[in-house]
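First residue of the sequence shown? That's 3 in the numbering used here, and the numbers climb one at a time after it.
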Amino acid sequence: MLRSFLVEFALFLTPFLLYGALLLATKGSVVPEHWSSRALALVAATAVALVVAGLFLFEHGNVAPPGSRYVPAQVKDGVFVPGRFE
Numbered sequence: 003m004l005r006s007f008l009v010e011f012a013l014f015l016t017p018f019l020l021y022g023a024l025l026l027a028t029k030g031s032v033v034p035e036h037w038s039s040r041a042l043a044l045v046a047a048t049a050v051a052l053v054v055a056g057l058f059l060f061e062h063g064n065v066a067p068p069g070s071r072y073v074p075a076q077v078k079d080g081v082f083v084p085g086r087f088e
C-alpha cells in the first residue's frame, strides 16, 4: 500500500519538478512570480492525468493469463499447499 502511494505521489510531483527544472534552466530561478496561472493549471492537469493513468495501469496491468484462475493457499491433510494459478 505504501509503495502504491509513493509511486502515485512521485507521478503527481514529476510535472511540477520538470517545470521547475525548465524555469531554472531558462530563467535562472524558480521564484513564484515566474509560475503563470496558465502554466500552473497545465502542470496540475498533467499531474492529475499521470496519477489517473498510473492508477489504471496498476489496477489492470497485473492480470493473470486468460483462462486461468487463482487457487488460494490451503492446508490439505495437514500439509500446506501454496496458492497457484490453474
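Just so you know, even glycine gets a beta-carbon here, dropped at the ideal spot from N, CA and C.
Owing to the predicted nature of the structure, the values given are computational and were not obtained by experimental measurement.
Secondary structure of residue i, DSSP reduced to three states
{"i": "Arg71", "result": "coil"}
{"i": "Val32", "result": "coil"}
Nearest residue (CA-CA) to residue i, options the options
{"i": "Ala46", "options": "Leu59, Tyr21 and Ser70", "result": "Tyr21"}
{"i": "Ala12", "options": "Asp79, Leu57, Lys78 and Ser70", "result": "Leu57"}
{"i": "Ala55", "options": "Leu24, Pro34, Val77 and Phe14", "result": "Phe14"}
Close-in-space but distant-in-sequence residues of the same chain around residue i (CB under 6 Å, 5 per side omitted)
{"i": "Pro17", "result": "Val45, Thr48 and Ala49"}
8 Å CB neighbourhood of residue i in its chain, flanking five on each side removed
{"i": "Pro74", "result": "Gly85"}
{"i": "Ser6", "result": "Phe60"}
{"i": "Ser70", "result": "Phe87 and Glu88"}
**Item:** Segment contact flag, the segment 51-61 with the segment 79-88, C-beta cutoff 8 Å, min 3 pairs
**Value:** No, the segment 51-61 does not touch the segment 79-88.
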